[in-house]
Amino acid sequence: MSFKTISQHRLFSLFILLGAFLLASGSYSNSGTSLPMKTQIVFLGTGNPSPDPNRTGPALAIVVDGTPYIVDCGTGVVRRASAAAQAGVKGLAITNLKTAFITHLHTDHTLGYADLIFTPWVMGRKEPLEAYGPVGIKQMTYHILKAYQEDNNIRINGLENANSTGNKVNVHEIKPGIIYKDQKVTVRAFLVKHGSWARAYGYRFETPDRTIVISGDTSPSESVVENCNGCDVLIHEVYSQAGFAASDSDWRKYILSFHTSTKELAEIATKARPGLLILYHQMFFGGQADTEDGMLSEIRQSYRGKVVSAHDLDLY
Ligand SMILES: [Zn+2]
Ligand SMILES: [Zn+2]
2 MSFKTISQHR
12 LFSLFILLGA
22 FLLASGSYSN
32 SGTSLPMKTQ
42 IVFLGTGNPS
52 PDPNRTGPAL
62 AIVVDGTPYI
72 VDCGTGVVRR
82 ASAAAQAGVK
92 GLAITNLKTA
102 FITHLHTDHT
112 LGYADLIFTP
122 WVMGRKEPLE
132 AYGPVGIKQM
142 TYHILKAYQE
152 DNNIRINGLE
162 NANSTGNKVN
172 VHEIKPGIIY
182 KDQKVTVRAF
192 LVKHGSWARA
202 YGYRFETPDR
212 TIVISGDTSP
222 SESVVENCNG
232 CDVLIHEVYS
242 QAGFAASDSD
252 WRKYILSFHT
262 STKELAEIAT
272 KARPGLLILY
282 HQMFFGGQAD
292 TEDGMLSEIR
302 QSYRGKVVSA
312 HDLDLY
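Residue numbering for the sequence shown follows this note's numbering, beginning at 2 and increasing consecutively.
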């Protein structure tokens, strides 16, 4: 498939989903009362470190009444946001990207951080980026800003006439608990188990019409169950049993300690009782049976709830 065909296909699927969303929005009901749906979940990237051109680095946007909150910034985050904006998710207009939550500092979740800091500014954003993440994100931000100092000086003081405020970052190193609150959203961070990372977070977003829990990268973590506890949407990373069986034995210790299998996720989701379980950051380790359909059917063997598997630019 050519790049053009892929992007047309993705945009088309986004339009279909958007249409379905608009149709559903009039009758969306949470806890019995009929409310207009205000919250959109847009998958900006569903990939992992592997450079799959169809799945860019992990990133998603929760858009509440037109205000976007970005979770993680994998490679491609800004371009996918731009694609979603062009397809009709107006809240993802580039200069609107002002708030980001990072789950942990693995490269696949942060390679697009510089992009998120600078590209919206180059395109005219005047406000600094507000970035929330684990201890270490201050250092990372400091070094990124330093690395681009010369570019920034030329843009601000030269013929490009860039503003001197939108290239800044207000960094917030977080601890578990409520880390953010405004009129549209309350965000709670909770620790998850991600191998040797001392601090890897999941996030719980409460908006006027939906409660959304994002696992981040994690091996099976009770904190995901506790924080979802009947939430509307649980977005969880996953790998398949078939992929594990076909994986290189040298990798198995890593996989078990850092990530969650379909079988484990079925147990977690059964206890967490989300209205909808969405798979993302799907990891494929090899073998013929290690496919997206394979993942879904493995989960359905022991999980009775609704489950779907996300693609880049899917909208829920
Ligand atoms: Zn990852
Ligand atoms: Zn990770």
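Cβ atoms here follow ideal geometry from the backbone N, Cα and C, with glycine treated the same way.
Q.
Below 8 Å, is the gap between the Cβ of Glu299 and the nearest heavy atom of ligand 1?
A. no
Q: Verify whether the separation of the beta carbon atoms of Ala115 and Leu314 is less than 9 Å.
A: no
(Q) Less than 9 Å between the C-beta atoms of Ser310 and Leu280, yes or no? (A) yes
Q: May I ask which residues mark the beginning and end of the alpha helix (DSSP H) holding Thr263?
A: 263-273
Q. With a cut-off of 8 Å, do at least 3 Cβ pairs link the stretch 172-187 to the stretch 210-223?
A. no
Q | Secondary structure of Glu1, DSSP reduced to three states | A | Within the shown structure, residues of the chain are numbered from 2 to 317, placing residue 1 beyond reach of any answer.
Q: Mind reading off the beta-carbon distance from Tyr204 to Val72? Whole number of angstroms is fine, and I expect it under 8 Å.
A: 6 Å
Q.
For a test of the three-state rule: what should DSSP assign to Ile175, helix, strand or coil?
A. coil
**Q.** Bridge partners - Ile300, DSSP secondary structure assignment
**A.** According to DSSP, which records beta bridges pairwise, Ile300 is partnered with nothing at all.
Q) Ser258: buried (16+ other C-beta within 10 angstroms of its C-beta) or exposed? A) exposed
Q: Give the straight-line distance between the Cα atoms of Leu61 and Ser298, rounded to the nearest whole angstrom.
A: 24 Å
**Q.** Nonlocal neighbours in the same chain, by C-beta distance under 8 Å from Leu19, ignoring five residues either side
**A.** Residue placement at Leu19 is poorly supported in this model, since its pLDDT is 48, which falls under 50; the coordinates are not used for a value here.
(Q) Any heavy atom of ligand 2 inside 8 Å of the beta-carbon of Ala199? (A) no
Q.
Does the structure place the stretch 130-145 close enough to the stretch 99-109 that three or more beta carbon pairs sit under 8 Å?
A. yes
**Q.** Closest Cα partner of Leu277 within the set Thr292, Ser262, Lys254, Gly231
**A.** Gly231
Q.
With a threshold of 8 Å, are at least 3 pairs of Cβ atoms found where one atom belongs to the stretch 184-203 and the other to the stretch 140-150?
A. no
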